[in-house]
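Before any comments, here is the structure.
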Amino acid sequence: MTSKLIPQHPDDVMVIRDLVPGVTTLSVPFLRFGRIKFGGRATIVKMQSGSLAVFSPVALTPTSPTSPRPTWNTTSSSQPGRPPSPPPTSSRPKGWPRKRAKINETDKEVTIVPINTTFTAKNKAAIKVDAEFDAEFEYEFVDAHPNKELVFCHKPSRTLIEADLLFTLPATEQYSRTGENAATGLATKCFAGIQNTRGEALGQKRMLWYVFSKADRPGFNDSMRRIDAWRFENLVPCHGDSIVGDGKRVFLKRLCNGIWRG
Numbered sequence: 005m006t007s008k009l010i011p012q013h014p015d016d017v018m019v020i021r022d023l024v025p026g027v028t029t030l031s032v033p034f035l036r037f038g039r040i041k042f043g044g045r046a047t048i049v050k051m052q053s054g055s056l057a058v059f060s061p062v063a064l065t066p067t068s069p070t071s072p073r074p075t076w077n078t079t080s081s082s083q084p085g086r087p088p089s090p091p092p093t094s095s096r097p098k099g100w101p102r103k104r105a106k107i108n109e110t111d112k113e114v115t116i117v118p119i120n121t122t123f124t125a126k127n128k129a130a131i132k133v134d135a136e137f138d139a140e141f142e143y144e145f146v147d148a149h150p151n152k153e154l155v156f157c158h159k160p161s162r163t164l165i166e167a168d169l170l171f172t173l174p175a176t177e178q179y180s181r182t183g184e185n186a187a188t189g190l191a192t193k194c195f196a197g198i199q200n201t202r203g204e205a206l207g208q209k210r211m212l213w214y215v216f217s218k219a220d221r222p223g224f225n226d227s228m229r230r231i232d233a234w235r236f237e238n239l240v241p242c243h244g245d246s247i248v249g250d251g252k253r254v255f256l257k258r259l260c261n262g263i264w265r266g
């Protein structure tokens with residue numbers, strides 16, 4: 005099944021980019037539901053010790069800059085692939101291992117990954133990963149989001165890393181080596197018409213308000229307030245183009261302003 009959603013030869017289409025010093029992104033095409041051009045992205049952060057933290061990993065390939073092997077692996081993604089060897093510390097939201105195991109029953113490309121840290125709604129205020137990771141990252145488990153989002157801020161580079169909380173479609177960079185237009189297709193046009201950052205991004209604001217936060221708006225707002233307090237200027241989403249230098253203004257002014265402040 006995954007062969008219909010992701011490229012069979014990721015090396016041929018992967019875009020490896022040094023976004024800012026210490027932060028590298030691996031961008032690949034990805035079709036949601038086999039129709040919508042979402043794009044996929046892993047983010048690799050080089051820690052001050054030289055260790056690597058990998059977020060929302062795509063299928064790592066021989067050309068992926070992952071040596072030495074990753075020390076931390078964090079994701080809410082169920083896409084296939086894993087680092088060349090299991091990282092010693094792996095963090096996931098509650099329910100993720102069960103979801104991945106269920107997919108593995110019918111699709112062996114989705115591998116089983118050992119879990120060291122599990123985020124839950126009850127423990128998220130007190131949970132710690134380890135001293136080195138916590139010294140460089142702030143993180144928030146947005147349990148009110150239907151996808152149970154984990155959002156991270158790398159403090160030294162002022163980079164926000166997120167999966168499905170915000171979209172910046174179309175996925176131009178992620179489709180740049182495919183020869184395909186990232187904005188074509190009826191399903192893609194309809195979804196990207198909502199999940200983008202153009203103008204006031206009213207479509208995305210309405211999706212956040214009426215769909216993604218409706219089950220627990222107070223909890224969602226609390227998470228957004230905590231993210232609002234972080235100092236970041238770069239924004240790396242899983243789906244769509246990364247934003248360098250203007251990330252917080254886009255995050256606050258165009259996407260979320262009025263949801264928790266209004």
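Read in order, the letters of the sequence shown are residues 5 to 266 in the working numbering.
We put the CB at the ideal spot given by N, CA and C, even for glycine.
None of these values were measured; they are calculated from a predicted model.
Span of the beta strand (DSSP E) holding residue i?
i      : result
Asp22  : Val19 to Val24
Phe239 : According to the sequence provided, residue 239 is Leu. The question's Phe does not apply to it. First-last of the beta strand (DSSP E) with Leu239: Asn238 to Val240.
Ala205 : Neither: Ala205 is in no beta strand (DSSP E) and is coded neither H nor E.
Ser31  : Val27 to Val32
Val58  : Leu56 to Phe59
Phe123 : Thr121 to Phe123
Nearest to residue i by alpha carbon, out of the options?
i      : options                           : result
Val215 : Pro160, Arg253 and Gln199         : Gln199
Thr201 : Ile231, Arg253, Asp232 and Asn225 : Arg253
Cys157 : Val62, Gly251 and Pro61           : Gly251
Asp245 : Tyr179, Ala57 and Lys152          : Tyr179
Phe195 : Asn185, Gly203, Gln208 and Glu184 : Gln208
Ala205 : Pro241, Phe141 and Leu170         : Leu170
Asn120 : Arg102, Ser53, Val133 and Gly54   : Val133
Lys128 : Glu237, Cys242 and Arg230         : Arg230
Ala187 : Gly249, Pro160, Glu136 and Ile40  : Ile40
Ser161 : Asp111, Arg221, Met51 and Thr192  : Met51
Gly271 : Val24, Val32, Thr28 and Val27     : Here the chain comprises residues numbered 5 to 266, so residue 271 is not present and cannot be evaluated.
Arg21  : Arg181, Pro11, Asp220 and Ala139  : Arg181
Thr172 : Ser53, Phe255 and Leu30           : Phe255
Ser53  : Leu30, Lys126, Glu140 and Pro11   : Glu140
Within 10 angstroms of the Cβ of residue i, are there 16 or more other Cβ atoms? Answer buried if so, exposed if not.
i      : result
Phe37  : exposed
Lys218 : exposed
Thr163 : buried
Arg235 : exposed
Ala233 : exposed
Arg45  : buried
Asp168 : buried
Asp147 : buried
Leu190 : exposed
Lys152 : buried
His13  : exposed
Ala63  : buried
Ser55  : buried
Pro222 : exposed
Asn185 : exposed
Thr192 : buried
Leu212 : buried
Given a cut-off of 8 Å on the beta-carbon distance, is the pair residue i and residue j in contact?
i      : j      : result
Thr67  : Asp16  : no
Glu166 : Val19  : no
Gly43  : Ala175 : yes
Ser60  : Glu144 : no
Ala57  : Phe123 : no
Val24  : Val248 : yes
Thr47  : Val240 : yes
His149 : Phe224 : yes
Ala142 : Lys159 : In the sequence on display, residue 142 carries Glu and not Ala. The answer is yes: Cβ separation under 8 Å.
Could you please give the first and the last residue of the uninterrupted alpha helix (DSSP H) stretch that includes residue i?
i      : result
Ile48  : No alpha helix (DSSP H) contains Ile48, which is instead part of the beta strand (DSSP E) from Gly44 to Lys50.
Phe224 : Arg221 to Asp232
Ala196 : Leu190 to Ala196
Task: Runs of beta strand (DSSP E) wholly within the region 136-186 (minimum 3 residues, chain order) - done: The region 136-186 contains these whole beta strand (DSSP E) runs: 141-146, 153-158 and 163-165.
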